[in-house]
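Order-wise, the sequence lines are chains A and B. Heads up, the first sequence stops at 394 in numbering that gives the first Met the number 0, and the numbers go up one at a time, no gaps. Heads up, the second sequence stops at 394 in numbering that gives the first Met the number 0, and the numbers go up one at a time, no gaps. Glycine included, every Cβ here is placed at the ideal spot set by N, Cα and C. Have a look at the structure below, then the notes.
Number of protein chains: 2
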Amino acid sequence: MTNWTLAARAAKMNPSVIREILKVTEKPGIISLAGGLPSPKTFPVDAFAKACEVVLGHDGAAALQYAASEGYAPLREAIADLLPWNVDPDQVLITTGSQQALDLIAKVLIDEGSRVLVETPTYLGALQAFTPMEPQVVAVDSDDEGVLVDDLAAKVGSGADKARFLYVLPNFQNPTGRTMSESRRAALVEKAAQLGLPLVEDNPYGDLWFDNPPPAPLTARNPEGCIYMGSFSKVLAPGLRLGYVIAPKAVFPKLLQAKQAADLHTPGFNQRMVSEVMKGGFLDRHVPTIRALYKHQRDAMLEALEREMAGLDVQWNTPQGGMFLWLRLPAGMRAIELLPQAVERNVAFVPGAAFYADNADPRTLRLSFVTASSAQINTGIGALAAAIRASASPR
Amino acid sequence: MTNWTLAARAAKMNPSVIREILKVTEKPGIISLAGGLPSPKTFPVDAFAKACEVVLGHDGAAALQYAASEGYAPLREAIADLLPWNVDPDQVLITTGSQQALDLIAKVLIDEGSRVLVETPTYLGALQAFTPMEPQVVAVDSDDEGVLVDDLAAKVGSGADKARFLYVLPNFQNPTGRTMSESRRAALVEKAAQLGLPLVEDNPYGDLWFDNPPPAPLTARNPEGCIYMGSFSKVLAPGLRLGYVIAPKAVFPKLLQAKQAADLHTPGFNQRMVSEVMKGGFLDRHVPTIRALYKHQRDAMLEALEREMAGLDVQWNTPQGGMFLWLRLPAGMRAIELLPQAVERNVAFVPGAAFYADNADPRTLRLSFVTASSAQINTGIGALAAAIRASASPR
Numbered sequence: 000m001t002n003w004t005l006a007a008r009a010a011k012m013n014p015s016v017i018r019e020i021l022k023v024t025e026k027p028g029i030i031s032l033a034g035g036l037p038s039p040k041t042f043p044v045d046a047f048a049k050a051c052e053v054v055l056g057h058d059g060a061a062a063l064q065y066a067a068s069e070g071y072a073p074l075r076e077a078i079a080d081l082l083p084w085n086v087d088p089d090q091v092l093i094t095t096g097s098q099q100a101l102d103l104i105a106k107v108l109i110d111e112g113s114r115v116l117v118e119t120p121t122y123l124g125a126l127q128a129f130t131p132m133e134p135q136v137v138a139v140d141s142d143d144e145g146v147l148v149d150d151l152a153a154k155v156g157s158g159a160d161k162a163r164f165l166y167v168l169p170n171f172q173n174p175t176g177r178t179m180s181e182s183r184r185a186a187l188v189e190k191a192a193q194l195g196l197p198l199v200e201d202n203p204y205g206d207l208w209f210d211n212p213p214p215a216p217l218t219a220r221n222p223e224g225c226i227y228m229g230s231f232s233k234v235l236a237p238g239l240r241l242g243y244v245i246a247p248k249a250v251f252p253k254l255l256q257a258k259q260a261a262d263l264h265t266p267g268f269n270q271r272m273v274s275e276v277m278k279g280g281f282l283d284r285h286v287p288t289i290r291a292l293y294k295h296q297r298d299a300m301l302e303a304l305e306r307e308m309a310g311l312d313v314q315w316n317t318p319q320g321g322m323f324l325w326l327r328l329p330a331g332m333r334a335i336e337l338l339p340q341a342v343e344r345n346v347a348f349v350p351g352a353a354f355y356a357d358n359a360d361p362r363t364l365r366l367s368f369v370t371a372s373s374a375q376i377n378t379g380i381g382a383l384a385a386a387i388r389a390s391a392s393p394r
Numbered sequence: 000m001t002n003w004t005l006a007a008r009a010a011k012m013n014p015s016v017i018r019e020i021l022k023v024t025e026k027p028g029i030i031s032l033a034g035g036l037p038s039p040k041t042f043p044v045d046a047f048a049k050a051c052e053v054v055l056g057h058d059g060a061a062a063l064q065y066a067a068s069e070g071y072a073p074l075r076e077a078i079a080d081l082l083p084w085n086v087d088p089d090q091v092l093i094t095t096g097s098q099q100a101l102d103l104i105a106k107v108l109i110d111e112g113s114r115v116l117v118e119t120p121t122y123l124g125a126l127q128a129f130t131p132m133e134p135q136v137v138a139v140d141s142d143d144e145g146v147l148v149d150d151l152a153a154k155v156g157s158g159a160d161k162a163r164f165l166y167v168l169p170n171f172q173n174p175t176g177r178t179m180s181e182s183r184r185a186a187l188v189e190k191a192a193q194l195g196l197p198l199v200e201d202n203p204y205g206d207l208w209f210d211n212p213p214p215a216p217l218t219a220r221n222p223e224g225c226i227y228m229g230s231f232s233k234v235l236a237p238g239l240r241l242g243y244v245i246a247p248k249a250v251f252p253k254l255l256q257a258k259q260a261a262d263l264h265t266p267g268f269n270q271r272m273v274s275e276v277m278k279g280g281f282l283d284r285h286v287p288t289i290r291a292l293y294k295h296q297r298d299a300m301l302e303a304l305e306r307e308m309a310g311l312d313v314q315w316n317t318p319q320g321g322m323f324l325w326l327r328l329p330a331g332m333r334a335i336e337l338l339p340q341a342v343e344r345n346v347a348f349v350p351g352a353a354f355y356a357d358n359a360d361p362r363t364l365r366l367s368f369v370t371a372s373s374a375q376i377n378t379g380i381g382a383l384a385a386a387i388r389a390s391a392s393p394r
């Protein structure tokens, strides 16, 4: 008998709670407000088809060959140009989705037992990417404006137990949809610099603002103290798996070596496709159409919530961009227990507890307003309200 | 000042020696027999262009959306059908190149200090992928037929120090071009089963045979005791980054969780492209053209070696497939010292020492016969012989 001895870290790895929940909710006719899928209406299929022709017609052999681990030079330059601070293209590392950036950062910055700080709640995929490197994840208390700077100072640790970094998602955060205010950003960057604490800033949703752009990134305020992650998944399409990381010289070479060992390089074909599509200011024309669609659907969700949740002790926020809204159920109600009753009524959501590193608030849940249509959102929120009402009433 | 504390593993990570060597050899007019790049003549650009049209025309939204971490179901089925033993598509995990399979295997099977066995010499990229998990890599003595089974038994270790697996590349191995014989395969699989030792079989080159197919894979002989890795990089194109791993139930779920954390999934667009190209038996028509080209170029290299190395105490093998030939310099000569003299004469190779986990043979070097044309191979081998002659003669 072959003796398959698994690494200790394998025992800590788990299937995504969300993925397991989504399986439960996969029944015909269900309205899913659970997943984090961009609306396929926003995928510029024709532009990609044209880009395919150009790339394979003019540069096919290079697009299909092995390539540099850093990424395709014109794409690295285009990304540096997109960003609102002075970025050297040599600092840009192309990754296979920004999920890979989290994996590389974990490999380069986390030892077994290292303290790593996250928001409350935070992106589940980040926790999954960090877990194989076996950190001690510590949640920093957060309010509607983001992490609380005093709690950060209290939890940063010292000596060998000093936190390696704070992972933070300032714009239209997954899962809460909240945005870090200008004053909180300023205070956070100042405090982190005082503490000598690196920041890992994840910004997949920043371009999806509805009325006003969010404040400047944290990294723009202190580039040598931050790693910045971006993605084309929400402004072009996730299926190409194209993300990037901007890293200071102190860590870039090691991220690059980790990248090379992880998958040699991100597909050169995909990098050229996106580089080609971006030419001539395409994103400047395309992204506003995504903003308009998602704003319309957020509004539909807010209106449906106002109407359907009337008389229920339910709270929710008003996201200023992105894909998600955060809802809090009446006292004593638990989202995980509500889910099967909602699914019975043909609507699905993600219980918020999945997104907490510790001390989960069982009353919270995440709703996506981008995958379902406005009409489906209306029906779905009605069904959710019915489930809450049934659950709240004495049995 | 921000305090960037790197993980201990980061200090063990290094830039690829080959990559550094290739930089030195990047001068205009040089004939590179160094790199491991498939010939771009073999890339089916037109077939990919047609596949792009079909995929984006008929299935664009799904191809550009997030997808399952396991991979695209029709591609998993096509891969199971390709393989010469009974493979359940549920055992197939699509990876971002087979390099990623190495990364996932390392995460799931290697603890810090775990003993891991490799051939002598072995694929450098595997050593790079394993390094971040901090194994103790032990080289098993090997001859022209592959690993020596008695030395395997001697080095397998016991108790907590028992090897987690043997990594082996039986067909037209990188770097040596050698192939494990039928009798050695049988003996190895039997011994590994006796020892309870898992085998990790890497087979990127197996389809590139010249006169006869290689013997059956190790995994076909004991599927529950082996992880098998394959790739489309050498039969279609490396720039799409498409590989796969076949794993038994004892490890598949953990590899899948590691995959999800690493990059969510391999680009769905690329998976559909390859799935589309493969339809109608495309590989059965296409791969023989690659075999013929590479055989022709191997013959050109062998003829040039016979002619140019006459009178020199230089040895080389006759690869029966793949991309590489292994050469041994006269006694006392070191490949690393010969390289600058070869580059002066406009030819480059990779010193063999890069490929040894320990006890490197400094006289060895790797030559690729696939990237350069037959005419370039002729010129390049002439230049290499001149460098050896100059180096061997008393100064």
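Runs of the beta strand (DSSP E) spanning 3 or more residues and lying entirely within the segment 331-378 of chain A occur at 363-367, in chain order. By the neighbour-count definition (other C-beta atoms within 10 Å, threshold 16), residue 182 of chain B is an exposed residue. Annotation: the continuous beta strand (DSSP E) that includes residue 242 of chain A extends over 242-245.
For residue 286 of chain A, the enclosing alpha helix (DSSP H) begins and ends at 281-307.
By the C-beta criterion, the segment 11-19 of chain B is judged not to be in contact with the segment 264-276 of chain B, since fewer than 3 inter-stretch pairs fall below 8 Å.
Counting C-beta atoms within 10 angstroms of its own C-beta, residue 85 of chain B has fewer than 16 neighbours from the protein chains shown and is therefore classed as exposed.
Chain A places no beta carbon closer than 8 Å to that of residue 119 of chain B, leaving this residue out of the contacts.
Taking every protein chain shown into account, the CB of residue 307 of chain A has 16 or more other CB atoms within 10 angstroms, so this residue is buried. Comparing alpha carbon positions, the residue from A:389, A:235, A:112 and A:132 closest to residue 274 of chain A is A:235. Against chain B, the CB of residue 258 of chain A has no partner CB under 8 Å away; the residue lies outside that interface. Closer than 8 Å to the CB of residue 127 of chain B there is at least one CB belonging to chain A.
In this structure, residue 46 of chain B keeps its C-beta atom at 8 Å or more from the C-beta atom of residue 368 of chain B.
Where residue 54 of chain B is concerned, the enclosing alpha helix (DSSP H) starts and stops at 44-62. Linking residue 110 of chain B to residue 132 of chain B through their CA atoms gives a straight-line distance of about 6 Å. Residue burial is scored here from C-beta neighbours: residue 64 of chain B has at least 16 other C-beta atoms within 10 angstroms and is therefore classed as buried. Counting along the chain, the unbroken alpha helix (DSSP H) around residue 277 of chain B starts and ends at 267-277. When DSSP states are grouped into helix, strand and coil, residue 320 of chain B belongs to the strand group. Distance from the CA of residue 309 of chain B to the CA of residue 387 of chain B, rounded to the nearest whole angstrom, comes to 12 Å.
For residue 135 of chain A, there is no enclosing alpha helix (DSSP H); the enclosing beta strand (DSSP E) covers residues 135-138.
Taken in chain order, the members of the segment 53-65 of chain A whose beta-carbon sits within less than 7 Å of a beta-carbon on chain B are 55, 59, 60, 62, 63, 64 and 65.
In this structure, residue 103 of chain A lies near residue 254 of chain A, with their beta-carbon atoms less than 8 Å apart.
With a beta-carbon spacing of about 6 Å, residue 326 of chain A and residue 313 of chain A fall inside the 8 Å limit used to define contacts. If you look at residue 104 of chain B, you'll find it in the alpha helix (DSSP H) that goes 96-108. A Cβ-Cβ contact shorter than 8 Å links residue 107 of chain A with residue 257 of chain A.
For residue 157 of chain A, no Cβ of chain B is located within less than 8 Å of the residue's own Cβ.
At a Cβ-Cβ threshold of 8 Å, residue 365 of chain A and residue 348 of chain A count as neighbours. Excluding residues up to 5 positions away in sequence, 317 lie with their Cβ nearer than 7 Å to the Cβ of residue 301 of chain B in the same chain. Annotated as proximal: residue 88 of chain A and residue 79 of chain A, with beta-carbon spacing under 8 Å. Buried is the label assigned to residue 259 of chain B, since at least 16 other Cβ atoms lie within 10 Å of its Cβ. Under the three-state reduction of DSSP output, residue 380 of chain B falls in the helix class.
Each of B:159, B:117, B:297 and B:173 was checked against the Cα of residue 147 of chain B, and the nearest Cα belongs to B:117. Here the C-alpha atom of residue 344 of chain A lies approximately 11 Å from the C-alpha atom of residue 26 of chain A. For residue 17 of chain B, the secondary structure class from DSSP, reduced to helix, strand or coil, is helix. Contact between the segment 220-239 of chain A and the segment 184-199 of chain A is established, with three or more Cβ pairs separated by less than 8 Å.
Between residue 159 of chain B and residue 196 of chain B, the C-beta gap is not smaller than 8 Å, which leaves the two residues out of contact. Only residues of its own chain outside the window of five on either side were considered, and among them 95 and 96 have a CB closer than 6 Å to the CB of residue 240 of chain A, listed in chain order.
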